[in-house]
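Residue 139 in numbering that gives the first Met the number 0 sits at position 140 of the sequence shown, and the numbers go up by one each step. Just so you know, even glycine gets a beta-carbon here, dropped at the ideal spot from N, CA and C. Below is one structure, written out as structure tokens; comments come after it.
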Amino acid sequence: MSPVEYRGKKPKLERPSWIKVAVPGDDSLKRVGELMSKGGLHTVCQEAHCPNIYECWQRGTATFLILGEVCTRKCGFCAVSKGSPTPVDPDEPGELAEAAARLDLKHVVITSVDRDDLPDGGAGQFAKTLEALREKLPSATTEVLVPDFRPDPVLGLEIVLNANPTIFSHNVETVRRLYPAARPGSNYDHSVSLLASAAEKIGGDRVKSSLILGLGEQEDEVKETIQDLFNAGSRRINLGQYLAPSDRHIPVKRYWSPEEFNGLGDFARGLGFIKVESAPLVRSSYHAAV
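Right, here's the structure in full:
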């Protein structure tokens, strides 16, 4: 049986006391949500059930999800729906830029579902969105959190990097051993290679990746993955606790303590990462501002 096989009923681990989500006391969540709905936009904050949605939206920030809400893959830990994706919306880049300008964002994060149905993996829409943001909100810095751009990662990477995002981000998500079960359709070495290519082209200080812990990985495997990312040239890393979106997803195998996250963060900083976020509720875009 796979280390992350999740068919059948198994006892759930009790959620520890340190997994706490702050709820805002004002209407910021409603305000940002209404703005997104009005423009037909989506945020990964909503789609991926991010535990920091209240904190980030209370500050008037959000990570925009482009290219629809339906993914062509089905990672066992992800809350985003899988199925047949919608056609690319040519108006989406402009509408997203308008919403970001109305929110007066200082740092805009753009991400997407996997779009294996598109020749460029969706890279063109990322580039158009970056161009629209520069026109509507020229003072903002930008971050792209991209898929692996298969079937043509070389083309996808070139398109996105030519659009000059401030930060290029691609998540390895988990350790090599767990990829077959946790990330079917994805490849660990391919993801590390994509980050290495980006670092070579724009410099590692602008390249970032993230890991979620609790899928069954061991500490030595996590450190090996952090080392792989550093060797690839990435100099920014986020580590956070996996929280299963539902009973249909991979169950949490372990809750890593805040002290353990601190230790992994110290390990990453010791290697030479220039920006490290490592705590249970950290996610890819947590404290993303440059």
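Nearest in C-alpha terms to proline 15, of all of Gln240, Ser284, Asn261, is Gln240. In this structure, the alpha-carbon of phenylalanine 229 lies about 20 Å from that of leucine 160.
Here the alpha carbon of threonine 173 sits roughly 15 Å from the alpha carbon of leucine 194. Note on the stretch 217 to 281: whole beta strand (DSSP E) runs with a minimum of 3 residues are 235 to 240, 274 to 277, in chain order.
Note on geometry: alpha-carbon atoms of isoleucine 273 and lysine 222 lie some 17 Å from one another. Between glycine 67 and the set Ala197, Asp103, Glu94, Val112, the nearest pair of CA atoms involves Val112. The residue from Phe63, Leu242, Thr224 with its alpha-carbon nearest to that of proline 279 is Leu242. With a 10 Å radius around the Cβ and a threshold of 16 neighbouring Cβ atoms, arginine 247 comes out exposed.
Taking each of Asp188, Glu134, Tyr187 in turn and checking the Cα distance to alanine 162, the smallest one comes out for Glu134. For glutamate 13, the closest of Val251, Leu177, Lys200 by C-alpha to C-alpha distance is Val251. Within the stretch 78 to 128, the runs of beta strand (DSSP E) at least 3 residues long that lie entirely inside it are, in chain order, 106 to 111. A straight line joining the alpha-carbon of isoleucine 249 with that of glycine 93 spans about 37 Å. Where glutamate 199 is concerned, the enclosing alpha helix (DSSP H) starts and stops at 187 to 201.
Between isoleucine 236 and serine 190, the C-beta gap is not smaller than 8 Å, which leaves the two residues out of contact. Across the set Val87, Ile225, Leu238, the C-alpha of Leu238 shows the shortest separation from the C-alpha of isoleucine 211. Non-local C-beta neighbours of phenylalanine 266 in its own chain, meaning closer than 8 Å and more than five positions away in sequence, comprise Lys222, Ile225, ordered along the chain.
Relative to proline 137, the option among Gly155, Pro146, Val145, Ala100 whose CA is nearest is Ala100.
With respect to isoleucine 201, glutamine 124 sits apart: the two C-beta atoms are not nearer than 8 Å. Excluding residues up to 5 positions away in sequence, Tyr187 lie with their Cβ nearer than 6 Å to the Cβ of tyrosine 178 in the same chain. Beta bridge pairing from DSSP links serine 168 with Leu144, Lys207. Contact between glycine 203 and serine 233 is confirmed by a C-beta separation of about 6 Å, below the 8 Å threshold. Leucine 136 carries a coil assignment under DSSP once its states are collapsed to helix, strand and coil.
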